[in-house]
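Structure first, commentary second.
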Amino acid sequence: MNLNFDKNSKQEFLPYGMHYISEQDIKEVNKVLKGSRLTQGQKIIEFENAISREVGSKFSVAVNSATSALHLACLALGVTKNDIVWTSPISFVASSNCALYCNAWIDFVDINPNTGLIDIQKLKNKLLQAQKNNSLPKVLIPVHLAGSSCEMKEINELSKKYNFSVIEDASHAIGGKYQDSLVGSCKYSEITVFSFHPVKIITSGEGGVATTNSKLFADKMMNLRSHGIEKDPEKFVEPLIGGWQYEQQNLGFNYRITDIQAALGLSQLKRLEEIVKERNRQLVFYYEILSDLPLTFLEIPPDVYSSVHLAVIRLNRLNEKYYLKVFEGLRSEEIGVQLHYKPIYKHPYYKKFNFDKKNFTGSEIYASSAISIPLFPGLTIDQQIRVKNALKLFI
Ligand SMILES: *Cc1c(COP(=O)(O)O)cnc(C)c1O
Numbered sequence: 039m040n041l042n043f044d045k046n047s048k049q050e051f052l053p054y055g056m057h058y059i060s061e062q063d064i065k066e067v068n069k070v071l072k073g074s075r076l077t078q079g080q081k082i083i084e085f086e087n088a089i090s091r092e093v094g095s096k097f098s099v100a101v102n103s104a105t106s107a108l109h110l111a112c113l114a115l116g117v118t119k120n121d122i123v124w125t126s127p128i129s130f131v132a133s134s135n136c137a138l139y140c141n142a143w144i145d146f147v148d149i150n151p152n153t154g155l156i157d158i159q160k161l162k163n164k165l166l167q168a169q170k171n172n173s174l175p176k177v178l179i180p181v182h183l184a185g186s187s188c189e190m191k192e193i194n195e196l197s198k199k200y201n202f203s204v205i206e207d208a209s210h211a212i213g214g215k216y217q218d219s220l221v222g223s224c225k226y227s228e229i230t231v232f233s234f235h236p237v238k239i240i241t242s243g244e245g246g247v248a249t250t251n252s253k254l255f256a257d258k259m260m261n262l263r264s265h266g267i268e269k270d271p272e273k274f275v276e277p278l279i280g281g282w283q284y285e286q287q288n289l290g291f292n293y294r295i296t297d298i299q300a301a302l303g304l305s306q307l308k309r310l311e312e313i314v315k316e317r318n319r320q321l322v323f324y325y326e327i328l329s330d331l332p333l334t335f336l337e338i339p340p341d342v343y344s345s346v347h348l349a350v351i352r353l354n355r356l357n358e359k360y361y362l363k364v365f366e367g368l369r370s371e372e373i374g375v376q377l378h379y380k381p382i383y384k385h386p387y388y389k390k391f392n393f394d395k396k397n398f399t400g401s402e403i404y405a406s407s408a409i410s411i412p413l414f415p416g417l418t419i420d421q422q423i424r425v426k427n428a429l430k431l432f433i
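Counting in the numbering used here, the sequence shown runs from 39 upward without gaps.
Here is the structure:
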């Protein structure tokens, strides 16, 4: 694969992540292109069934992005005006935007900077405080950063104690495990969301899916992904006139995925285990070759099998100038490093909510020390060594 995006640069650019498309993937997509259904066809159902089998959920609802899936998940759980939703500040903005789409209030739970995951002790303290203030959340959206599951057993226990629902934002974590359960099985949550954007573990171009064990939630999400339209005459609220009839019963959206995308996703899903193994292998190789540099890696909890969406290093010195020197230095060497993520409350749009960074010390420490370095199927040993040599220049 040619990674040289910039024809003027002497070295090939290494992005932090990218897709890997096989010949078989192309064949599967071509089959759909030559068939009679480009959208709303059988491939989507096949893809959904395959996801459910793979992650051990009863239902899967495939949509055009994880962002759409998060929105539908919130709606299925009844999130509405003035409800409160909590998520992690160290995530992609979609994790919290979904609450704002529903006119709910958003708040954040701080993370443990060593794992990047929601800090359970801080979650407990925040829940106690919220109970006193009568401001408990309706939904919590834990984010499985870099492919590592959050501590779902503890989160599940707290959800029962304080009566909130849980949506797992597992955009990074398909193919991962938590204790003896697969991420997506919804053993400890109402709904789990995966993303199939090209930088994620597997891709459908754009795309996402929500998994659940509740028929009610699955039906609601299926209805809302296609305008709130009902096509089953048995579920019509008005008398049937002709076989062509359909009813719009709710205000939904066009969040549909196409059969073209589903075919790509399905073909990639067949290699999931292999892809996740390769991602883990590359991470372990980084552990070896970077072991003598003054940096640590994002920790993976012992009861988690990570799908390793990201390889995140953490600088030992907390100093903004030093961070920028390393970051910009790597970029100048055509290493496409990135920060996953700038705390959501720091984005200009979020300033109006007046979040106080003093409440998010873990997130602040994380964001001033974490750098994602290249990791994706197809990255070679030589390229990983190039990353190491570039790191040595600036660390
Ligand atoms: C990528 C991502 C999303 C959004 O996924 P899309 O499919 O691009 O909409 C949401 N949450 C997290 C944590 C992500 O990384």
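Glycine residues also receive a C-beta, built at the ideal position from the N, C-alpha and C atoms.
* Run the proximity test for Val181: is its beta-carbon closer than 6 Å to any non-hydrogen atom belonging to ligand 1? => yes
* Asked: Rounded to the nearest angstrom, how far is the Cβ of Ala184 from that of Gly154, given a contact under 8 Å?
  -> 6 Å
* Asked: Is any heavy atom of ligand 1 found at a distance shorter than 6 Å from the C-beta of Thr125?
  -> no
* Kindly give me the distance between the Cβ atoms of Gly246 and Phe234, rounded to whole angstroms, as I take these residues to be in contact under 8 Å. => Your pair Gly246 and Phe234 checks out as a contact, with CB atoms roughly 6 Å apart and the cut at 8 Å.
* **Option in Tyr139, Leu161 and Ser106 with minimal Cα separation from Trp124** => The shortest C-alpha separation from Trp124 is found at Leu161.
* Asked: If you draw a straight line from the C-alpha of Glu358 to the C-alpha of Glu86, how long is it?
  -> 45 Å
* Helix or strand or just coil, what does DSSP make of Gly116? -> coil
* Extent of the continuous alpha helix (DSSP H) to which Val70 belongs -> Glu61 to Lys72
* **Three-state secondary structure assigned by DSSP to Asn163** => helix
* **Integer Cβ distance of Arg263 from Phe291, believed to fall under 8 Å** => 7 Å
* Go to Asp207, then tell me how far its alpha helix (DSSP H) extends in each direction, as first and last residue. => Here Asp207 belongs to no alpha helix (DSSP H); instead the beta strand (DSSP E) covers Ser203 to Asp207.
* **Check: Gly222 C-beta below 6 Å from any heavy atom of ligand 1** => no
* Please determine, among Val99, Val70, Ile82 and Ala405, the residue with the shortest C-alpha to C-alpha distance to Lys258. => Comparing Cα positions, the closest option is Val99.
* Grouping DSSP H, G and I as helix and E and B as strand, with all else coil, what is Lys426? -> helix
* Asked: For Leu431, does the count of other Cβ atoms within 10 angstroms reach 16, so buried, or fall short, so exposed?
  -> exposed
* Collapsed DSSP secondary structure at Phe43 in the structure displayed -> The predicted position of Phe43 is uncertain, since its pLDDT is 48 and thus under 50; a value taken from the coordinates is nonetheless stated next. Phe43 falls in the coil class under three-state DSSP.
* Taking the C-alpha atoms as reference points, what is the distance between Lys45 and Val181? -> With a pLDDT of 49 at Lys45, under the threshold of 50, the modelled position of that residue is not reliable, and the figure given next carries that caveat. Lys45 and Val181: Cα-Cα distance of roughly 37 Å.
* To do: State the CB to CB distance for the pair Ser134 and Ile156, rounded to an integer number of angstroms; the pair is presumed to be in contact (CB under 8 Å).
  => With 8 Å as the limit, Ser134 and Ile156 do not qualify as a contact, their Cβ atoms being about 13 Å apart.
* To do: May I ask you to report which of helix, strand or coil DSSP gives Val177?
  => strand
* **Whole-number beta carbon distance between Glu228 and Ser187, since they are thought to touch under 8 Å** => About 16 Å separates the Cβ atoms of Ser187 and Glu228, ruling out a contact at the 8 Å cut-off.
* Tell me which same chain residues have a C-beta within less than 7 Å of the C-beta of Gly281, skipping the five on either side of it? -> none
* Span of the beta strand (DSSP E), counted from its first residue to its last, around Leu23 -> A query on residue 23 cannot be resolved here, the shown segment of the chain reaching from 39 to 433 and no further.
* What does DSSP give as the partner residues of Gly374 in its beta bridges? -> Pro53
* For the beta strand (DSSP E) that Leu333 lies in, which residues bound it at each end? -> Leu333 to Phe335
* Asked: Does DSSP classify Ser103 as helix, strand or coil?
  -> coil
* **Collapsed DSSP secondary structure at Phe391 in the structure displayed** => Looking at Phe391 - three-state DSSP - the assignment turns out to be helix.
* To do: Please report how far the alpha carbon of Tyr388 lies from the alpha carbon of Pro277, in whole angstroms.
  => 47 Å
* Where His385 falls, given that 16 or more other Cβ within 10 Å makes a residue buried -> exposed
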